[in-house]
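Take a look at the structure below.
Residue numbers (this note's numbering): 94 to 279.
So, in structure tokens, the structure goes:
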């Protein structure tokens, strides 16, 4: 019987030591896995930081006080289709209240000669406005599109698919219009 007690006493410390060693090995293994995962994530983030996000710029020419046009730059992903860029410009000009809120861009097209064609809804005609308001409306569109599309030289405004002589009686819009630097803030 004494031999059995001695055997049990000998077994207990060894089994505890084995459990402790096993626990330590599992903890070390878990720490290695966690550190490895964090290192991989850090490396992936570093690679993303190194590779620049390719951007393209859209220029919005707007006026808050119906005086000269200011220029705001929006960054968009490179490769955004031209039609989507055109819708972004129209949306931003509505936000700045430089064109009537109900105005819709039906179609956007450009030709090989550098003319952009914008087919707008009749809402662009709006109510009878002061000459300064009409100038801001017309040139906020013209200048924004010409700055945002590098190969463009002129913009032809169409209303419901047809050219109009004027939006509200001040600016002649029947033919394509060029950039106007005189309405821009210095």
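Glycine residues also receive a C-beta, built at the ideal position from the N, C-alpha and C atoms.
For residue 212, no alpha helix (DSSP H) segment is defined; the enclosing uninterrupted segment is the beta strand (DSSP E) at 208 to 213. Nearest C-alpha to residue 162 among 186, 202, 117, 128: 186.
Taking every protein chain shown into account, the CB of residue 108 has fewer than 16 other CB atoms within 10 angstroms, so this residue is exposed. Residue ranges of uninterrupted alpha helix (DSSP H) with 4 or more members, entirely inside the region 111 to 195 and ordered along the chain, are 175 to 188.
Taking the Cα of residue 200 as reference, the smallest distance to any Cα among 250, 236, 194 is reached at 250. Proximity to residue 253 across 150, 210, 148, 116 peaks at 210, based on C-alpha coordinates. Looking from the CA of residue 207, the closest CA among 255, 247, 165, 220 belongs to 247.
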